[in-house]
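Data block below; observations after.
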Amino acid sequence: MTSSAPHLHQASSRTDLLDWGAQPDALEGASHSTGRLVHKGPNNQPESGIWVCTPGRWRLVIPRDELCHFVAGRATYRSDDGEVIEVSAATVVMFPAGWAGECTVHETIRNIYMLA
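Residues in the sequence shown are numbered from 909 upward in steps of one, following this note's numbering.
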């Protein structure tokens, strides 16, 4: 039976995550991602889930508006225009579509996310 409201219990601690592979566009280290989808709509919009990533540094461009609620770890996001966003547990960030820069994960992060 499909739920009318897709959900996952224990999102901040569950361990049955899937291997999502090495983080592309690595600049330093070898960050590796795991995760679990909560929901993926038609044409992948919206998409929500859990994302976990190990330490390293890479380039990224956010394809669509993305709300991120970090529940563990520590990272630094640096936009191409020089803005620095430090994240740790209990940080919420709304990255607008097209946001570009670098991410440096200092301690493995866990993020509950939604891409619009």
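For glycine and all other residues, C-beta sits at the position ideal for the given N, C-alpha and C.
Computed from a predicted structure; not experimentally measured.
Where the beta strand (DSSP E) through residue i begins and ends
i: Trp959; result: 955-961
i: Asp927; result: 926-930
i: Ala980; result: 974-987
i: Gly943; result: 940-948
i: Ser996; result: 992-996
i: Arg965; result: 964-969
i: Thr999; result: 999-1003
i: Leu935; result: 934-936
Strand pairing of residue i, partner residues [DSSP]
i: Thr1016; result: DSSP lists no partner for Thr1016.
i: Leu1023; result: Glu955, Glu974
Given residue i as reference, the closest of the options once Cα atoms are compared
i: Thr999; options: Thr910, Arg986, Ile1020; result: Ile1020
i: Leu975; options: Leu925, Met1022, Gln918, Ala1008; result: Met1022
i: Gly1009; options: Arg982, Arg965, Ile1017; result: Arg965
i: Arg986; options: Thr1012, Cys961, Trp959; result: Thr1012
i: Gly1006; options: Thr942, Asp973, Arg1018; result: Asp973
i: Arg982; options: Glu991, Val995, Asp988, Ser911; result: Val995
i: Ser941; options: Glu955, Asn952, Leu926; result: Leu926
i: Trp928; options: His917, Gln953, Val979, Thr962; result: Thr962
i: Val946; options: His915, Thr1016, Ser921, Thr923; result: His915
i: Asp988; options: Leu968, Leu935, Met1002; result: Leu968
i: Ala919; options: Gly937, Val979, Ile993; result: Val979
CB-CB length for residue i against residue j, believed under 8 Å
i: Gln953; j: Ala1024; result: 7 Å
DSSP state of residue i mapped onto helix, strand, coil
i: Ala919; result: coil
i: Gly1009; result: strand
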